[in-house]
Amino acid sequence: MTEPATTDRALEEDTVTDQPYGPATAVIVVDMQVDFGDPSGSLYVQGGEDVVAPVNALTDEVVRAGGKAYFTQDWHPAQTPHFVTQGGTWPPHGVAGTPGAELLAGLVVNGPVVQKGVDGRDGYSGFSVRDPRTGATEATVLGDWLHRDGAERVIVVGLAGDYCVVETALDAADLGFQVEMPLALTRFVRVAEGDDVQAVERARAAGVRVEGALA
Ligand SMILES: [Zn+2]
1 MTEPATTDRA LEEDTVTDQP YGPATAVIVV DMQVDFGDPS GSLYVQGGED VVAPVNALTD
61 EVVRAGGKAY FTQDWHPAQT PHFVTQGGTW PPHGVAGTPG AELLAGLVVN GPVVQKGVDG
121 RDGYSGFSVR DPRTGATEAT VLGDWLHRDG AERVIVVGLA GDYCVVETAL DAADLGFQVE
181 MPLALTRFVR VAEGDDVQAV ERARAAGVRV EGALA
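Below, the structure written as structure tokens:
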């Protein structure tokens, strides 16, 4: 770890730690679905089920404070270039209408759900979808919802930390929100060694306040 990164983080923690939740606080709960968060899932993220209880506690606390929770859900067609079966990267997962695409049974869904991947688009962020053939991206409704609801502080949690969570956090930072990514409330799929470290570095470089340490 480099000296400047340590110093920056220490400074930032001094100034914003323990800021109470309020009406301008939003939590984005990313892809807490059976395929990612249950050991039976087709793209299981190790330890994903452990995140359910702390995520429930966070959204409950934020909603009680007048803030809002939003949920994303991968919702793919059975055939999509997003899947390895059609030349993509991933084993089939989050196929619309299948048990694997359901949000985890223990998850308290106390806010609206935005589905992504609909119509064969892909991309990882809750804020945008991407046409896999042309690469063109298009915004989902999530950014509009956050602006409409007066969000300023955005806490991004869920699965997986090195894909959909970090991309959602990066987009939120790009949209000008004050973004936090608590590592205790995510798990990493680590397709390649070091993906988790790289995701955290990208987030920090974009101004996201990453809390806690990698397991
Ligand atoms: Zn997907």
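The sequence shown begins at 1 in this note's numbering and counts up one residue at a time.
For every residue, glycine included, the Cβ atom is placed at its ideal position computed from N, Cα and C.
Heavy atom of ligand 1 within 7 angstroms of residue i beta-carbon
{"i": "residue 126", "result": "no"}
{"i": "residue 119", "result": "no"}
{"i": "residue 147", "result": "no"}
{"i": "residue 94", "result": "yes"}
{"i": "residue 131", "result": "no"}
{"i": "residue 74", "result": "yes"}
{"i": "residue 122", "result": "yes"}
Closest residue to residue i among the options (Cα-Cα distance)
{"i": "residue 79", "options": "90, 70 and 71", "result": "90"}
{"i": "residue 116", "options": "77, 148 and 169", "result": "77"}
{"i": "residue 138", "options": "147, 182 and 128", "result": "128"}
{"i": "residue 99", "options": "121, 75 and 60", "result": "75"}
{"i": "residue 135", "options": "146, 121 and 141", "result": "121"}
{"i": "residue 103", "options": "213, 32 and 204", "result": "32"}
{"i": "residue 191", "options": "53, 199 and 50", "result": "199"}
{"i": "residue 202", "options": "88, 35, 167 and 189", "result": "167"}
{"i": "residue 176", "options": "84, 144 and 211", "result": "144"}
{"i": "residue 148", "options": "85, 158 and 67", "result": "67"}
{"i": "residue 215", "options": "124, 194 and 208", "result": "194"}
{"i": "residue 169", "options": "125, 54 and 55", "result": "125"}
{"i": "residue 211", "options": "123, 189, 158 and 181", "result": "181"}
Assumed close pair residue i, residue j - CB separation to whole angstroms, cut-off 8 angstroms
{"i": "residue 81", "j": "residue 132", "result": "4 angstroms"}
{"i": "residue 114", "j": "residue 163", "result": "That pair is no contact at about 16 angstroms."}
{"i": "residue 160", "j": "residue 187", "result": "6 angstroms"}
{"i": "residue 22", "j": "residue 65", "result": "5 angstroms"}
{"i": "residue 45", "j": "residue 36", "result": "5 angstroms"}
{"i": "residue 206", "j": "residue 184", "result": "In fact, because the Cβ distance is near 20 angstroms, the residues do not count as touching under 8 angstroms."}
Test item: CB-CB of residue i and residue j under 8 angstroms
{"i": "residue 154", "j": "residue 165", "result": "no"}
{"i": "residue 141", "j": "residue 110", "result": "no"}
{"i": "residue 26", "j": "residue 146", "result": "yes"}
{"i": "residue 34", "j": "residue 41", "result": "yes"}
{"i": "residue 24", "j": "residue 105", "result": "no"}
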